[in-house]
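Numbering (full-length UniProt numbering), first residue to last: 1 to 736. We put the beta carbon where it would ideally sit given N, CA and C, even for glycine. Let me begin by presenting the structure, written as structure tokens, before commenting on it.
See below:
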């Protein structure tokens, strides 16, 4: 018989996965060669059959093992070893009753597993247990007998399993390097199977509980100078309940209880999880289990310092002054550069980034995926206290910067990572700007995203969309990566609906008529006060900062409250680098004048000091979104019109001061002036300015998705002064 299938298909034969994530159109099934077939919904209705991009799930098993062999870069390992020793010593001294485990929390691709593996170079043995599903094609592969390992946790035999495994490592006389390779390299699979088979055979033969767990010198007797860590990767699998009983505990709770009974000096535990949330493994005290709250033990803080940003930058080839977008794979997290070294193409890296930041979702209404893409591309600030932060880090590539001591607040961000930003911009465009803006409005209404400067956000949306449109116009026959530079003239043409009289002449006079520009994300400068500046924060630009931003393919969001300029976009011309300085006005409190022109193009306001001859193209924007009647849409050049004065030359003759031809800026009035802004987008941008949590919104009064409880009148009574009451206090107290 013949079975025809279409859709996303996973095929299993025994424990082996065949053709995972590839489209299978024909399959012959026989009694002697039986297959299990799982068909899942394909939500990527927009993808075409001739799409050239390699599926991300197909990249990883083919390339990541090779990527793991790229020489380790940076100083992250030294910091990690130091922290691991600190935690071990604090636990061993028992001044405070710490639980002996360290949890590494950081986004996917930052190199968590690789960091743990590098401990072998310090003479530390790593007992690596990967809880990945046995049929998963991810790397490193699932540990053999992984289900049996979970059963030892369930049956309170995990301590015995550890002691037997450590003895087996000693009996084999492996070095730390050899043991690590046996566990993760595919060509050592048989040896790894034999190791675990032997461990479970010994465990089965053990008739009475071992006393090893109570012998604090157990490890040191076997390994005089070496230490051992037990690392559980994909630790979110521990969050399942150990049995089907309703009141049973999770594997994680049982595991944590058992490791607290182990007192070995020179031993420690490490948890890794790509998709596990911080609160799962390091819960706030108020959210931990009742049993945990009744016992006196302390949890070590999360380890976030997998600071591997840009560590592969030295591997880039073709270094020099000219922009080369193939070099940016070595910026940001090391995943991109490692895969590039393993032969993965740039277009496939961008496709992988777009899938990972959306957690492999292409649904238009996936609010978390849309939020992740916009936060990465548009430099949104996400409140540290909302539940979504955990998910952005666990599943959507956000970088965790810090966790409060009570573990209730998590500070996250999207650092400057050109490949991830390219994937984010691609993710926005794939589902549509309108859908992403709808998500943004809903998040504003729920208080999920910090309001910040709303007008400046509108500005970033418009300029980002203009760049994306210019790329597609400039490279119609090339794969779109959103990493290319485009002519400055084309960018301005893509930005504005109508051409500006005299603009070409201005660019010619400035010598930037052949300049190039390009950016796929915005980087926020955060130094809003002198204290932050003294800590090393950047408040003003430097010439080198502009150059680096150009080659990182980013633009700047100036510090909140910066008095003159909101945004700066770098460009490059034949004699050097310049900037576009942008000021946005939402509420027209003052009349535009010569002072606005001077402030935009004066280097002091961008660099904090005078820079003679630096090319600055100023853009002043009055969106007019705050007025009831739409303002006239227009774009034109504005001149400073400084009064001319007379001076005497050396012959005592009158001489007119020469007017500076560069004292002109682009003045844009009305959101309708922007070519990239149609009616649907314009309406949403208007709402962005004023959307905040509104108590009468139906989302606060729903019984279910279809039923509104109609609580408006009740809610109003909670808020006198805010809403008109049926009887005012003036009437109740007869105040007049």
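Buried or exposed: residue i, going by 16 or more other Cβ atoms within 10 Å of its Cβ?
i, result
"residue 485", "buried"
"residue 389", "buried"
"residue 240", "exposed"
"residue 604", "exposed"
"residue 245", "exposed"
"residue 336", "buried"
"residue 385", "exposed"
"residue 669", "buried"
"residue 709", "exposed"
"residue 193", "exposed"
"residue 720", "exposed"
"residue 410", "buried"
"residue 632", "exposed"
"residue 339", "buried"
"residue 473", "exposed"
"residue 218", "buried"
Which residue marks the beginning of the alpha helix (DSSP H) containing residue i, and which one marks its end?
i, result
"residue 367", "367–378"
"residue 731", "729–732"
"residue 168", "158–172"
"residue 254", "251–259"
"residue 418", "418–431"
"residue 203", "189–205"
Kindly indicate the opening and closing residues of the beta strand (DSSP E) around residue i.
i, result
"residue 585", "576–585"
"residue 664", "664–669"
"residue 522", "521–524"
"residue 639", "634–639"
"residue 561", "Note, residue 561: premise wrong, no beta strand (DSSP E); not H, not E."
"residue 104", "101–104"
"residue 359", "Where residue 359 is concerned, there is no enclosing beta strand (DSSP E), given that its DSSP letter is neither H nor E."
"residue 412", "410–413"
"residue 568", "567–573"
If distances are taken between C-alpha atoms only, which option among the options comes closest to residue i?
i, options, result
"residue 401", "596, 395, 414", "414"
"residue 742", "511, 543, 274", "Beyond the ends of the chain as shown, which are 1 and 736, falls residue 742; an answer cannot be given."
"residue 228", "714, 163, 103", "163"
"residue 312", "428, 133, 341", "341"
"residue 504", "147, 636, 232, 686", "636"
"residue 269", "674, 104, 459", "104"
"residue 220", "568, 167, 139", "167"
"residue 176", "640, 317, 345, 119", "119"
"residue 115", "154, 68, 475", "68"
"residue 722", "696, 732, 711", "696"
"residue 361", "424, 672, 196, 123", "424"
"residue 352", "481, 665, 456", "481"
"residue 495", "321, 712, 678", "678"
"residue 546", "577, 565, 298", "577"
Return helix, strand or coil for residue i, following the three-state DSSP convention.
i, result
"residue 212", "helix"
"residue 130", "strand"
"residue 512", "coil"
"residue 618", "strand"
"residue 236", "helix"
"residue 334", "helix"
"residue 444", "helix"
"residue 461", "helix"
"residue 81", "helix"
"residue 487", "strand"
"residue 353", "helix"
"residue 269", "strand"
"residue 500", "coil"
"residue 301", "coil"
"residue 400", "strand"
Against chain D, does residue i count as a neighbour if the rule is that its beta carbon must be under 8 Å from one of theirs?
i, result
"residue 303", "Among the protein chains of the structure shown there is no chain D, as only one such chain exists."
Looking at residue i and the ligand HEM, is the gap between the Cβ and the nearest heavy atom below 7 Å?
i, result
"residue 228", "The model depicted lacks the ligand HEM and carries no ligand whatsoever."
Does the structure place the stretch 329–345 close enough to the stretch 418–426 that three or more beta carbon pairs sit under 8 Å?
yes
Contact between the stretch 63–76 and the stretch 244–263 is defined here as three or more beta-carbon pairs at a separation below 8 Å; is this criterion met?
The stretch 63–76 vs the stretch 244–263: no contact.
Three or more C-beta pairs under 8 Å: does that hold for the stretch 556–573 against the stretch 502–521?
By the criterion of at least three beta-carbon pairs nearer than 8 Å, the stretch 556–573 is in contact with the stretch 502–521.
Are the stretch 76–91 and the stretch 303–317 touching by the rule of at least three beta carbon pairs closer than 8 Å?
The stretch 76–91 vs the stretch 303–317: in contact.
At a cut of 8 Å, does the stretch 145–165 reach the stretch 213–233 through at least three beta carbon pairs?
yes
Decide yes or no for the touch test of the stretch 701–708 against the stretch 459–477: beta carbon pairs closer than 8 Å, at least 3 of them.
no
With a cut-off of 8 Å, do at least 3 Cβ pairs link the stretch 83–103 to the stretch 136–152?
no
Check whether the stretch 434–442 and the stretch 367–379 touch, using three or more Cβ-Cβ pairs below 8 Å as the test.
yes
Three or more C-beta pairs under 8 Å: does that hold for the stretch 229–236 against the stretch 119–139?
A contact exists between the stretch 229–236 and the stretch 119–139.
Any contact between the stretch 423–440 and the stretch 369–381? By contact I mean 3 or more CB pairs, one from each, below 8 Å.
yes
At least 3 beta-carbon pairs within less than 8 Å: the stretch 472–491 vs the stretch 515–527:
yes
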